[in-house]
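Written out below as structure tokens is the structure these notes cover.
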Amino acid sequence: MSDPRPLAYPDADLRVHPPRSPRVMLAGLAFVPRTIDKTRAKLQDTLGFYKIAPGLSAYLFEWLGISEDAFTEAVRQAASDDDVAAWILARCDPGTFGSINERLSLRGIRDDEHFREVLPRYPLLHERPELRNWFEILEADDVWIFDPANAAKLGETVPS
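Going by numbering that gives the first Met the number 0, 81 is the number at position 82 of the sequence shown; the sequence numbering is gapless.
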């Protein structure tokens with residue numbers, strides 16, 4: 000039976016749809032809206048197959064010089080994405096954002112050993128072994144996860 004209480008963040012129920020694309024930007028940063036979606040989902044226990052860290056969100060936090068806990072509290076207190084953007088801009092150096100965006104967008108599977116390591120978490124890669132860039136993998140995986148034809152293949156996977 001489903002919980003009758005309304006969700007605090009109804010748009011962040013990642014059991015029924017994916018988070019925003021890693022390419023969507025907020026405050027001049029890629030990946031922030033996706034991380035907000037996942038954080039909101041974590042706050043209301045609707046993460047589904049997603050996670051926040053380890054992964055690209057953890058790199059984002061590290062490169063911004065903030066903690067996941069601090070970001071989570073900022074999202075909890077925020078009335079909107081704009082509030083989260085203001086929080087980031089008040090604590091982080093916008094001069095680093097271009098470099099962070101470049102590092103995030105270029106990050107990928109390093110080598111065959113790394114590919115074998117992530118393969119159990121991303122069954123999509125069995126079908127699309129040519130994918131190596133994380134933004135491309137995540138976008139394709141978001142579609143793959145919610146395709147009913149793949150439900151049996153998901154098992155205990157944990158996409159980011």
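Beta carbons are placed, not taken as given, at the ideal position from N, Cα and C, and that holds for glycine.
Candidates the options: closest to residue i by CA position
i, options, result
"Ile-35", "Pro-93, Asp-81, Phe-145, Ser-98", "Asp-81"
"Ala-85", "Val-31, Lys-152, Asp-146", "Val-31"
"Arg-120", "Leu-88, Pro-93, Phe-48", "Phe-48"
"Ile-87", "Thr-71, Glu-112, Ala-148", "Thr-71"
"Ala-26", "Ala-40, Asn-100, Val-142", "Asn-100"
"Asp-146", "Met-24, Ala-11, Ala-52, His-16", "His-16"
"Phe-107", "Ala-40, Pro-18, Glu-135, Ala-148", "Position check: residue 107 holds Gly in this sequence, whereas Phe was assumed. If we check each option's Cα against that of Gly-107, Glu-135 comes out closest."
Residue j beta carbon less than 8 Å from that of residue i
i, j, result
"Thr-45", "Arg-14", "yes"
"Leu-137", "Pro-21", "yes"
Buried versus exposed call for residue i [16 or more other C-beta atoms within 10 Å across all chains shown]
i, result
"Leu-105", "exposed"
"Asp-140", "buried"
"Ser-56", "buried"
"Pro-9", "exposed"
"Ala-7", "exposed"
"Gly-64", "exposed"
"Gly-97", "exposed"
"Arg-115", "exposed"
"Arg-75", "exposed"
As assigned by DSSP and simplified to three states, the class of residue i
i, result
"Gly-107", "strand"
"Leu-123", "helix"
"Ala-29", "strand"
"Ala-151", "helix"
Anticipated Cβ contact below 8 Å, residue i with residue j, distance rounded
i, j, result
"Pro-128", "Lys-152", "Actually they do not touch by this definition, with Cβ atoms about 15 Å apart."
"Val-83", "Ala-77", "5 Å"
"Arg-102", "Trp-62", "7 Å"
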